[in-house]
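Engineer: Structure in structure tokens, see below.
Numbering (this note's numbering), first residue to last: 664 to 960.
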């Protein structure tokens, strides 16, 4: 809606995970390197955790692109609220296993045959599980047992689990100590620091066609960081709505007053919010626009 007004080639702050917009902060660079190394080196289990909106799914999309480019077989499970039977059905479907019925025994037999064949060709196979914090205990145990599929050269199936911090707490449970011991690589994504938020916004604007963005002044960038608390998804939602508001008011520059309005509409809470509210005398004129919220996940 506002791209042409600002001279942008595309929307810089869409909420869907897009590897083309990956901001390579040191922690994201390290986490992606761990994911790739874990799969390539046949380490078995790799875990990626982080709060909601910190970029886990975007990194998984980057990993998927890498696997496709290097012709590495993989399957992805996005819906983690499944029973063990449904889990094996999804594996059979995503790996395109030729089984008459997706019963556990048949799926395991067909999967083992496929893994051996792929390994004999000098290649490896990966299973990516997103939102893994939702996995039931019995499904986690089945995943642990999949780690037993191995040859002399290493694990036949590389398992990548990504989830919110609850996943780490789940893996610390005494009944999952065997699975925890098999996790070779772990990465945790944290919210951005202020300079990273600034670099993140500038990077996305540059990739959308504005190398030296002037829409978000330095003082506004600092406020965006404070109110988003450094969470990339929240930053995207704030900036998207700021661009929409500035476009509606025919302004080339966003302001703190616009930010107040956007944050109010988004029902955001942040440290010091109440103190700032007490200093605001006049409400900012409200453009009649549809606000884009934070989305799911």
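Glycine included, every Cβ here is placed at the ideal spot set by N, Cα and C.
Along the chain, where does the alpha helix (DSSP H) that runs through residue 846 open and close?
Structural biologist: The sequence position of residue 846 within the chain shown is 183, counting from 1. Not the alpha helix (DSSP H): residue 846 falls in the beta strand (DSSP E), residues 846-852.
Engineer: Would you mind reading off the limits of the beta strand (DSSP E) that contains residue 711?
Structural biologist: As a working mapping, residue 711 is identified with position 48 in the chain shown. Per DSSP, residue 711 belongs to the beta strand (DSSP E) from 708-713.
Engineer: Between residue 769 and residue 762, what straight-line distance do the alpha-carbon atoms span, to the nearest angstrom?
Structural biologist: Working through the chain shown from its first residue, we reach residue 769 at position 106. Working through the chain shown from its first residue, we reach residue 762 at position 99. Distance between the alpha carbons of residue 769 and residue 762 is about 6 Å.
Engineer: When you compare the CB of residue 731 with every CB in chain B, is at least one pair closer than 8 Å?
Structural biologist: Absent here is chain B; the protein component of the structure consists of one chain.
Engineer: Between residue 754 and residue 738, which are expected to be in contact by the criterion C-beta below 8 Å, what is the C-beta distance as a whole number of angstroms?
Structural biologist: On the chain shown, position 91 is the one that residue 754 refers to. On the chain shown, position 75 is the one that residue 738 refers to. Right, their Cβ atoms sit about 6 Å apart.
Engineer: Return the CA-CA distance between residue 718 and residue 752, expressed in angstroms with no decimal places.
Structural biologist: To locate residue 718, count along the chain shown from 1; it is residue 55. To locate residue 752, count along the chain shown from 1; it is residue 89. If I take the Cα positions, the gap works out to 28 Å.
Engineer: Assign residue 738 to one of three DSSP states: helix, strand, or coil.
Structural biologist: Position 75 of the chain shown, counting from 1, holds the residue named residue 738. It is a strand residue.
Engineer: Return the bridge partner residues of residue 824 from the DSSP annotation.
Structural biologist: Counted from its first residue, the chain shown places residue 824 at position 161. In DSSP, residue 824 forms a bridge with 710, 792.
Engineer: For residue 827 and residue 879, what's the separation of their Cα atoms in angstroms?
Structural biologist: Along the chain shown, read from residue 1 onward, the residue named residue 827 stands at position 164. Along the chain shown, read from residue 1 onward, the residue named residue 879 stands at position 216. If I take the Cα positions, the gap works out to 31 Å.
Engineer: Where DSSP assigns a beta bridge to residue 893, which residues make up the other side?
Structural biologist: In the chain shown, counting from the first residue as 1, residue 893 sits at position 230. Residue 893 pairs with nothing; no bridge assigned.
Engineer: By how many angstroms is the C-alpha of residue 716 removed from the C-alpha of residue 693?
Structural biologist: In the chain shown, counting from the first residue as 1, residue 693 sits at position 30. In the chain shown, counting from the first residue as 1, residue 716 sits at position 53. Answer to the nearest angstrom: the Cα atoms are 18 Å apart.
Engineer: Tell me the rounded alpha-carbon separation between residue 703 and residue 887.
Structural biologist: Position 40 of the chain shown holds residue 703. Position 224 of the chain shown holds residue 887. Going from the Cα of residue 703 to the Cα of residue 887 covers about 38 Å.
Engineer: Report the three-state DSSP secondary structure of residue 833 (helix, strand or coil).
Structural biologist: Here residue 833 refers to the residue found at position 170 of the chain shown. Here residue 833 sits in helix by DSSP.
Engineer: Taking the alpha carbon of residue 780 as the reference point, which residue from 798, 760, 723, 877 has its own alpha carbon closest?
Structural biologist: To locate residue 780, count along the chain shown from 1; it is residue 117. Closest option to residue 780, Cα to Cα, is 760.
Engineer: Which residue wins for smallest C-alpha separation from residue 775, given the options 809, 866, 859, 906?
Structural biologist: For the purposes of this step, residue 775 is identified with residue 112 of the chain shown, where counting begins at 1. Ranking the options by Cα distance to residue 775, first place goes to 809.
Engineer: With which residues is residue 670 paired in a DSSP beta bridge?
Structural biologist: Taking the first residue of the chain shown as position 1, residue 670 is located at position 7. Answer is none; residue 670 lacks a bridge partner.
Engineer: CB-CB under 6 Å to residue 674, same chain, minus the five flanking residues each way: which ones, in chain order?
Structural biologist: Here residue 674 is taken as the residue at index 11 of the chain shown, counted from 1. Here the set comprises nothing.
Engineer: Where does residue 817 sit, in a helix, a strand or coil, going by DSSP?
Structural biologist: Taking the first residue of the chain shown as position 1, residue 817 is located at position 154. Of the three classes helix, strand and coil, the one that applies to residue 817 here is strand, per DSSP.
Engineer: Do you know how far the Cα of residue 829 is from the Cα of residue 836?
Structural biologist: Residue mapping note: residue 836 aligns to position 173 of the chain shown, counting from 1. Residue mapping note: residue 829 aligns to position 166 of the chain shown, counting from 1. So the alpha carbons of these two residues sit roughly 11 Å apart.
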